[in-house]
Amino acid sequence: MTETPMTPFCKRQVENQLSESLDDLMILFSASEIVENIASGKWTASQVLDAYMARAVVSQAKTNCITEDAKKQAKGLDEEFSRTGKLQGPLHGVPMSFKDQCMLLNEILYTDVLSECADEISGYDATIGFTHWANKPCTTDAFLVSQCRKAGAIIIVKTNVPQTMFAFECSNALWGRTTNPWGEKYTCGGSSGGEAALLAMDGSALGVGSDIGGSLRIPTSYCGIYAIKPSPDRVSSDGARCMFGSFILLLGLIHNAYQNDRSVRDCELFCRTVFGELDYANQTVPVPFRPVELPGKLKFGYYVSGKLPPAYAMIHISPANVRAVQETIDALKSQGHECVEFSPSLSKEAMSTFVALATADGYKRMLSTIESDPKLYGSSAHHPSTHAGFVRRFIAWAAHTFYHDNIFHDIFSLARSKSVSEFVEYTDRRNKVTKAWYKEVWDKYGFDGIIAPVQSLPTIPHGGCAMLSPLAEVTVLYNVVDSPVGVVPVTRVEPTKDVLPAGFVPGAKGTSTILEKQMYTGPTPVYDPVAMAGIPVGVQIVGKKWEDEKVLAMMKVVDDALGTARGFGPGCWKAQ
109 MTETPMTPFC
119 KRQVENQLSE
129 SLDDLMILFS
139 ASEIVENIAS
149 GKWTASQVLD
159 AYMARAVVSQ
169 AKTNCITEDA
179 KKQAKGLDEE
189 FSRTGKLQGP
199 LHGVPMSFKD
209 QCMLLNEILY
219 TDVLSECADE
229 ISGYDATIGF
239 THWANKPCTT
249 DAFLVSQCRK
259 AGAIIIVKTN
269 VPQTMFAFEC
279 SNALWGRTTN
289 PWGEKYTCGG
299 SSGGEAALLA
309 MDGSALGVGS
319 DIGGSLRIPT
329 SYCGIYAIKP
339 SPDRVSSDGA
349 RCMFGSFILL
359 LGLIHNAYQN
369 DRSVRDCELF
379 CRTVFGELDY
389 ANQTVPVPFR
399 PVELPGKLKF
409 GYYVSGKLPP
419 AYAMIHISPA
429 NVRAVQETID
439 ALKSQGHECV
449 EFSPSLSKEA
459 MSTFVALATA
469 DGYKRMLSTI
479 ESDPKLYGSS
489 AHHPSTHAGF
499 VRRFIAWAAH
509 TFYHDNIFHD
519 IFSLARSKSV
529 SEFVEYTDRR
539 NKVTKAWYKE
549 VWDKYGFDGI
559 IAPVQSLPTI
569 PHGGCAMLSP
579 LAEVTVLYNV
589 VDSPVGVVPV
599 TRVEPTKDVL
609 PAGFVPGAKG
619 TSTILEKQMY
629 TGPTPVYDPV
639 AMAGIPVGVQ
649 IVGKKWEDEK
659 VLAMMKVVDD
669 ALGTARGFGP
679 GCWKAQ
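Numbers 109 to 684, taken from the numbering used here, label the letters of the sequence shown in order.
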């Protein structure tokens, strides 16, 4: 599917924005600073909206991240503030974007008068990229959308997702492909890829995505922004469409709507605003934001050193991702914090239980929603594990027999329909992994937090997810154990620093031969530090369940330790 041609207006906006200095634009300021400047009377909500709408046009032209009226709401906020001198809420005038799974009313219809006749009102589609879900407007806001509106946010766009929302790239038959702002050859990640691309280019001040296996954290790292994945039920998922709702509820991995962001301060602003309010179904935890005061010296666990990773992982981590972790640890040590290397030995078991449960219905629900849409290469709908049983068995057999790749064989074999008894068994295994993780990691070492890579590669080319989906192993672990996780950008790929070690052998130390040949040593290896030069690389900051506020505070510690010279945050994107 080709991108929609730009109108003359769009072309003029793009030309003007790309030639104008970013120094004078409001997009250089964080969401918190936007509210402060409106409160002081320096700016109006309408002025801020105009700046972000213009920038959103640039983002769309560059990456095709937007799927979808906000001026009237901004004017209303300005009139209210002029009349009362009071802000509507903590997000007053902040332009926001939402992933195209969230139900969203037309803002003109969002009034007290019309709320009495909800059956007669309509809004925007929530398509998640399916053509047959287009032209079916919503009749209500997602709960999180309503929270943000009441706090004064202005919803300006919805953003693109991958087909089925179960892939870490971003393409579908309805809206097309979203590219990475830092390199068009590469994906922006997924499934919250449109959000990440838009935020990286300053097209929105705050954005909401989701995460059941890394769908928020992976694109956040690929695009060089900030994110917080809260503990389950700290944020409502009411009104957010999902292909795996029943699976997630049974597993306890609630498909919350999470926060993509461009600064740690804005992540905290978002959490202060939405934490603690019961949603329509009383599913959210009624615990408001609880400020924390950290000790002067923290204890961090981490894994992946300057050497090749040990055998606990399914895949060797690329040199660029290893360096991101090591630079973070070095920065923390320089500030007096204790950092202890350990091996997350339960990582493989966590991935196995996740795959077993995620595919328990044999992809029936997921594939049924595609209907007449083409199965796009790179989406989970095109993964070999969705093929007929005899084909899957042959692939698994060949992996074991010819490549001696037990990891690929075992994971591939798990991606099939399960009986009820098998489902119960894997659910129990998942619960045991969670308990063991707390005993063998948190209790044993006494960590305040964990520094982990986000993925094994800085990014992947378009279509790469079809055969490299096990790369999600690093993020999946923290969904299985229900940890809140923040992501902070650390560095960018540098060809001279991030070369693969001489003599690298795929499958060494018990990793997957098949996957690592594709990644590192095949005829056209995915990992290419020269082609990937400038692509951002982030790290995960992991905490214990319910310690979301502590994770936010540790993100600030990490961000401050790394310093500002690395060049991330509002205004960092320039025309590539």
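Glycine included, each C-beta is placed from N, C-alpha and C at the ideal position.
Annotated three-state conformation of ILE558 is strand, per DSSP.
In this chain, VAL598 is not harboured by any alpha helix (DSSP H); it is covered by the beta strand (DSSP E) spanning 593 to 600. The beta carbon of VAL562 is closer than 7 Å to those of ARG325, ILE326, SER329, VAL582, THR583, VAL595, GLY646, VAL647, GLN648 in its chain, skipping five residues each way along the sequence. Looking at VAL659, LYS547, HIS570, GLY651, the one whose alpha-carbon comes closest to that of THR286 is HIS570.
At the C-beta level, GLY321 and PHE531 stay beyond 8 Å of one another. Shown here, GLU449 sits in a strand according to DSSP, grouped into three states. Counting only the Cα atoms, ASP319 lies some 17 Å from PHE251.
Annotation: LYS547 to TRP151 spans about 51 Å, alpha carbon to alpha carbon. Here PHE276 is buried. Its C-beta has 16 or more other C-beta atoms within 10 Å. Under the three-pair Cβ rule at 8 Å, the segment 463 to 474 does not count as touching the segment 424 to 436. VAL601 counts as buried, since no fewer than 16 other beta carbons sit within 10 angstroms of its beta carbon.
Note on GLU187: under 16 other CB atoms within 10 angstroms of its CB, so exposed under the neighbour-count rule.
In the three-state reduction of the DSSP assignment, PRO603 falls in the coil class. Within the segment 282 to 352, the complete alpha helix (DSSP H) segments of 4 residues or longer fall at 301 to 308, 325 to 331, listed in chain order.
If you check the CB distance, ILE142 and MET204 do not come in under 8 Å. One alpha carbon belongs to LYS472, the other to GLY675, and they sit about 44 Å apart. Contact check for THR267 against CYS173 passes: the beta carbons are separated by less than 8 Å. Judged by pairs of C-beta atoms under 8 Å, the segment 609 to 616 does not touch the segment 502 to 509, as fewer than three such pairs exist. If you check the CB distance, PRO644 and PHE137 do not come in under 8 Å.
By the C-beta density criterion, GLY554 is exposed, having fewer than 16 other C-beta atoms within 10 angstroms. Burial of ARG524 is indicated by the presence of at least 16 other C-beta atoms within 10 angstroms of its C-beta. Each of ASN587, GLN196, LYS605, PRO403 was checked against the Cα of ILE262, and the nearest Cα belongs to GLN196. For SER205, the enclosing beta strand (DSSP E) stretches over residues 203 to 207. Taking a C-beta distance under 8 Å as the contact criterion, CYS375 and TYR410 do not qualify as a contact pair.
About 5 Å separates the Cβ atoms of VAL202 and ALA313, confirming a contact at the 8 Å cut-off. With a beta-carbon spacing of about 27 Å, VAL588 and LEU402 fall beyond the 8 Å limit used to define contacts.
With a cutoff of 8 Å on beta-carbon distance, LYS407 and VAL382 are scored as not near each other. Spatial neighbours of TRP550 in its own chain (CB-CB distance under 7 Å, excluding positions within 5 residues in sequence) are listed in chain order as LYS652.
Between GLU624 and the set PRO578, PRO597, ALA641, PHE274, the nearest pair of CA atoms involves PRO578. Within the same chain, MET109, GLY237, PHE238, THR239, GLN271, ASP481, PRO482, LEU484 come within 8 Å of ALA281 by CB-CB distance, once the 5 residues on both sides are set aside. Annotated as proximal: SER339 and PRO592, with beta-carbon spacing under 8 Å.
Short of 8 Å from the beta carbon of GLY291, and not among the five residues preceding or following it, lie these beta carbons of its own chain, in chain order: THR567, ALA639, MET640, GLY642, ILE643, GLN684.
For LYS526, the CB contacts under 6 Å within the same chain, skipping 5 residues up- and downstream, are ALA468 in chain order. Excluding the 5 residues flanking it on each side, MET575 has same chain C-beta neighbours closer than 7 Å at GLN626, in chain order. By the neighbour-count criterion, in which a residue is buried when 16 or more other Cβ atoms sit within 10 angstroms of its Cβ, VAL400 is exposed.
DSSP assignment within the segment 525 to 589 yields the following whole beta strand (DSSP E) runs of 3 residues or more, N-terminal first: 557 to 561.
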